[in-house]
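Peer 1: If you scroll down you'll find the structure; I have some questions about it.
Residue numbers (my numbering): 11 to 862.
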């Protein structure tokens, strides 16, 4: 916070190119860029039917933002301004300062100490004193580290705007960021919009800036900017949230129709071929044990040879069965994997097309308990039913055992055709009958051998299908659990959307005394009605389908990975597309006209009045100071200055400048005031007091040495007399009776209640009484005499104590004052000034700061 350090930093970096371009290199680059004809042409080519862009050629405006309180900006602001003038000497240049006052920096500095608080005020006073000096001596000569000496014959700034955290209307900005945003908005209106033409023309002819008040230049200006906005984002947010909720309710969370669920479940079973007969056919396709010995067996006429061939075939069949059973298992696993994947895909598709609850209903149908376990039809939709049907109509271990038993019995009967005398006689005597028995039993052996194989294969296939159903049912139950989680998230999403919808209809928080840069033109009722008026033309189900289609391919993981915030943001973003085009075309005035109908002219006029009244420039001063003739004007920017919806009171009115900006959703206002001398700013007495306390300290306050001995910012008229008035009050020589103040040289009123004579009456009101006293040389001389006598009598220490008591009284009075009282009757300024006078007297009497 040392101003000289700021200047020295600029000089050190001026031509330092160690780490890249130096300060002067960058400044030259940007100034040259301002004048490039290519940039000018490019900007003007941006013009269209709705807006024409015109860049002023042959002139340049430079706006410098800084604080007058710290070290850097305050210390180098004059150098920067004059360097700009020097580098732009070949072109008409207007340089504007936007300077922040100490109360702004109080907000910016976290954990500000009292020492810092005093220092920034001392710096501010030093800067104002230097600026006043440069206005009276507008010659700048400086030798910088590089280049020829810079000599400029002009004041540093053409306009100097001072910005406080509070404005003359009693409002304040909530943070330093707001003051930056407001200043940026005002600069935009000044330089970046059609309003700027009005601002420049107005600012170029401000004669009051050359006038004086009480011997001081009225060189300072201030501003305020605010916007009346059509809250398109709120309207969009509310409407999109409501449509997203409807899409959730009527799509994702819609109540399913039972008949449609049954149809969809049946279709799913059919598409995936999950019915028992289909699965069995699939697993048994091409599943058979080839009997390679059958032709030979059928040709062989020897029982023993057939026996041997059958035994060989049986052994070969056992091996082949093992292989085939393994194949059925592998195929069953493959079918299961396909079915699990296919079910997930089917469920995802159902969610995408019919909603989550519909998909859950289909899954519930697939795992439902069958209504009865007798005679389950093949049309059943339940996997449990299909499994039961498979058991009921399929084979069992008993069937395989029965086939084996039948085979062994036939084989034994076949083997009995030879081996004993009776069979030999039977074969010899009844050869044809024996041969018939031989062939029949041989065929039956082949038949039951094949039956064993077929039944074994089918039984294993049935087991695979039963396992498939079990696995599918378990997986579907798992899916239902996951989908319930998604459903819960969707319900939370619906609740979150409700919260967002309500947030968008909540009125902007206009805290009393806080200045808002944007005022909303419509209320919650309008925002709610915007959606209500359009709901009949909306199709939430189609919105849901479109949303899910753009979400990507139907994949369950997409849903499972979304939480309620993801859902809400994605759905809001999608639904924004429904309303955004219309809102982008919406004009604030047309929207108000449509909504309020016949009442619209009065409503619009009221909003204009509110906006203009709201823009009180951001500085604070005693409005009872008597200063007159501040020039100010209100500038209003809206989409089309020729709109018939502009209130009549604002058309062709010299108090207002209305210009087209092309902005549909906002009406911008800027209010400019000129012509205040710095000493009238609130707190200036404090600034000077801290400046006086620090001016001879180790840290120099000035970067322009000549300014240290220049005129003070605060006029010094009758200063000693005014100080004597404060001291005389403390010692009881100035008294108040009613509303009048009197000079009581003998203190007769205090001791004997003797009313001073009319000749000793000063004035009504403390400030007026001080002024009257300062102009009565006889009273001043008498007060100086009695004070000197009194102090000699009581001693300096007692005198310092008396002064301190009066200081404490005034400080208490200041602490008890309300903001209104401070600004209305001027007592705050009077008390603060008298406290400084009393403190100065204490110093003269030997008082040491910190030792009361």
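We put the beta carbon where it would ideally sit given N, CA and C, even for glycine.
1) How is residue 667 classed by DSSP in three states: helix, strand or coil?
2) List the whole-angstrom C-beta distance separating residue 162 from residue 684, where the pair is believed to meet the contact cut-off of C-beta under 8 Å.
3) Under a three-way DSSP split, which group does residue 660 fall into?
4) Between which two residues does the beta strand (DSSP E) containing residue 747 stretch?
5) Ordered along the chain, which non-local residues of its own chain (more than five positions away) have a Cβ less than 6 Å from that of residue 16?
6) What does DSSP give as the partner residue(s) for residue 150 in the beta ladder?
7) Look at the alpha carbon of residue 101 and the alpha carbon of residue 152, and state the distance between them as a whole number of angstroms.
8) By how many angstroms is the C-alpha of residue 630 removed from the C-alpha of residue 713?
9) Check for me: the alpha helix (DSSP H) holding residue 857 runs from which residue to which?
10) Taking the C-alpha atoms as reference points, what is the distance between residue 793 and residue 743?
11) So, with DSSP's three-state summary, where would you put residue 633?
12) Please return the same chain residues whose Cβ sits closer than 6 Å to the Cβ of residue 656, not counting the five positions on each side in sequence.
13) Quick check on the DSSP output: the alpha helix (DSSP H) that includes residue 735 runs from which residue to which?
14) So residue 272 and residue 375 are in contact, right, with Cβ under 8 Å, and what is the actual spacing, rounded?
15) Contact between the stretch 442-460 and the stretch 411-423: three or more CB pairs below 8 Å?
16) To the nearest angstrom, how far is the alpha carbon of residue 643 from that of residue 627?
17) Excluding the 5 residues preceding and the 5 following residue 231 in the sequence, name in chain order all residues of the same chain whose CB lies nearer than 7 Å to its CB.
18) Taking only the alpha-carbon atoms, compute the straight-line gap between residue 581 and residue 557 and give it to the nearest angstrom.
19) Within the continuous alpha helix (DSSP H) that includes residue 774, where are the two ends?
20) State the DSSP-derived secondary structure class of residue 829, mapped to helix, strand or coil.
21) How many Å lie between residue 810 and residue 689 at the Cα?
22) Run through DSSP, which three-state label would residue 512 get?
23) Enumerate in chain order the residues of its own chain whose CB-to-CB distance from residue 857 is below 7 Å, with the five nearest sequence positions on each side excluded.
24) Would you call the stretch 560-580 and the stretch 230-247 in contact, with 3 or more CB pairs under 8 Å?
25) Just list the residues that DSSP pairs residue 643 with in beta bridges.
26) Between which two residues does the beta strand (DSSP E) containing residue 71 stretch?
27) With respect to the beta strand (DSSP E) encompassing residue 108, which residues constitute its N-terminal and C-terminal limits?
28) Quick one, are the C-beta atoms of residue 26 and residue 19 less than 8 Å apart?
29) Could you tell me the boundaries of the beta strand (DSSP E) in which residue 172 lies?
30) Pair every Cβ in the stretch 130-141 with every Cβ in the stretch 702-721, then say whether three or more of these pairs are closer than 8 Å.
31) What's the gap between the Cα of residue 441 and the Cα of residue 469?
32) Can you give me the C-alpha to C-alpha distance between residue 749 and residue 123, rounded to a whole angstrom?
33) Which complete alpha helix (DSSP H) runs does the stretch 251-322 hold, if anything under 4 residues is left out?
34) Give the secondary structure of residue 530 by DSSP, where H, G and I count as helix, E and B as strand, and everything else as coil.
35) Quick one: what's got a C-beta closer than 8 Å to residue 462's C-beta in the same chain, skipping five residues either side?
36) Are at least three pairs of beta-carbons, each pair with one atom in the stretch 334-341 and one in the stretch 286-301, less than 8 Å apart?
Peer 2: For this structure:
1) Translated into positions along the chain shown, residue 667 becomes position 657. Residue state for residue 667 is assigned as strand, using DSSP reduced to three classes.
2) Along the chain shown, read from residue 1 onward, the residue named residue 162 stands at position 152. Along the chain shown, read from residue 1 onward, the residue named residue 684 stands at position 674. Actually they are not in contact, since the Cβ atoms of residue 162 and residue 684 sit about 23 Å apart, beyond 8 Å.
3) On the chain shown, residue 660 is found 650 positions in, with the first residue counted as 1. In this structure, residue 660 counts as helix in the three-state DSSP scheme.
4) Position 737 of the chain shown, counted from the start, is the residue given in the question as residue 747. First-last of the beta strand (DSSP E) with residue 747: 744-747.
5) Indexing the chain shown from 1 puts residue 16 at position 6. Same-chain partners within the cutoff: 81, 82, 85, 86.
6) In the chain shown, residue 150 corresponds to position 140, counting from 1. Looking at the DSSP assignment, residue 150 forms a beta bridge with 162.
7) Residue mapping note: residue 101 aligns to position 91 of the chain shown, counting from 1. Residue mapping note: residue 152 aligns to position 142 of the chain shown, counting from 1. In a straight line, the C-alpha of residue 101 is about 21 Å away from that of residue 152.
8) Along the chain shown, read from residue 1 onward, the residue named residue 713 stands at position 703. Along the chain shown, read from residue 1 onward, the residue named residue 630 stands at position 620. The alpha-carbon atoms of residue 713 and residue 630 are separated by roughly 27 Å.
9) What you label residue 857 is simply residue 847 of the chain shown in a count that begins at 1. Counting along the chain, residue 857 falls outside any alpha helix (DSSP H), and DSSP gives it neither H nor E.
10) Here the question's residue 793 lines up with position 783 in the chain shown. Here the question's residue 743 lines up with position 733 in the chain shown. C-alpha separation (whole angstroms): 8 Å.
11) Within the chain shown, residue 633 is the residue found at index 623, counting from 1. In this structure, residue 633 counts as coil in the three-state DSSP scheme.
12) Within the chain shown, residue 656 is the residue found at index 646, counting from 1. Same-chain partners within the cutoff: there are none.
13) As a first step, residue 735 must be located in the chain shown, where it is residue number 725. For residue 735, the enclosing alpha helix (DSSP H) begins and ends at 729-740.
14) Looking up residue 272 in the chain shown gives position 262. Looking up residue 375 in the chain shown gives position 365. Indeed, because the Cβ distance is near 7 Å, the residues count as touching under 8 Å.
15) Here the stretch 442-460 lies against the stretch 411-423, with 3 or more beta-carbon pairs under 8 Å apart.
16) For the purposes of this step, residue 643 is taken as residue 633 along the chain shown, with counting starting at 1. For the purposes of this step, residue 627 is taken as residue 617 along the chain shown, with counting starting at 1. A straight line joining the alpha-carbon of residue 643 with that of residue 627 spans about 11 Å.
17) Here residue 231 refers to the residue found at position 221 when the chain shown is read from its first residue. Counting only Cβ-Cβ distances below 7 Å, and skipping sequence neighbours, we find 169, 170, 171, 682, 683, 684.
18) Position 571 of the chain shown holds residue 581. Position 547 of the chain shown holds residue 557. Cα-Cα distance, rounded: 7 Å.
19) Against the chain shown, residue 774 aligns to sequence position 764. Segment 771-774 is the beta strand (DSSP E) holding residue 774; no alpha helix (DSSP H) there.
20) The residue labelled residue 829 in the question sits at position 819 within the chain shown. Annotation note: pLDDT 47 at residue 829 (below 50); position unreliable, no value reported.
21) Stepping through the chain shown from its first residue, residue 810 is reached at position 800. Stepping through the chain shown from its first residue, residue 689 is reached at position 679. Using only the alpha carbons, I get a separation of about 29 Å.
22) Residue numbering aside, residue 512 sits at position 502 when the chain shown is read from its first letter. In this structure, residue 512 counts as helix in the three-state DSSP scheme.
23) Indexing the chain shown from 1 puts residue 857 at position 847. So the list reads 810, once near-sequence residues are dropped.
24) no
25) As a working mapping, residue 643 is identified with position 633 in the chain shown. Looking at the DSSP assignment, residue 643 forms a beta bridge with 682.
26) Taking the chain shown and counting its residues from 1, the one referred to as residue 71 is at position 61. It spans 69-77 - the beta strand (DSSP E) in which residue 71 sits, taken as one unbroken run.
27) Along the chain shown, one-based indexing puts residue 108 at 98. 102-110 is the extent of the beta strand (DSSP E) around residue 108.
28) Position 16 of the chain shown, counted from the start, is the residue given in the question as residue 26. Position 9 of the chain shown, counted from the start, is the residue given in the question as residue 19. No, the pair does not count as a contact, with Cβ atoms beyond the cut-off.
29) For the purposes of this step, residue 172 is identified with residue 162 of the chain shown, where counting begins at 1. First-last of the beta strand (DSSP E) with residue 172: 169-173.
30) yes
31) Translated into the one-based positions of the chain shown, residue 441 becomes position 431. Translated into the one-based positions of the chain shown, residue 469 becomes position 459. Between residue 441 and residue 469, the C-alpha separation is close to 41 Å.
32) As a first step, residue 749 is located in the chain shown; it is residue number 739 there, counting from the start. As a first step, residue 123 is located in the chain shown; it is residue number 113 there, counting from the start. Cα-Cα distance, rounded: 40 Å.
33) 268-282, 286-294, 304-309
34) To locate residue 530, count along the chain shown from 1; it is residue 520. Residue 530: strand per DSSP, three-state reduction.
35) For the purposes of this step, residue 462 is taken as the residue at position 452 of the chain shown. Answer for residue 462: 327, 410, 413, 414, 417, listed in chain order.
36) yes
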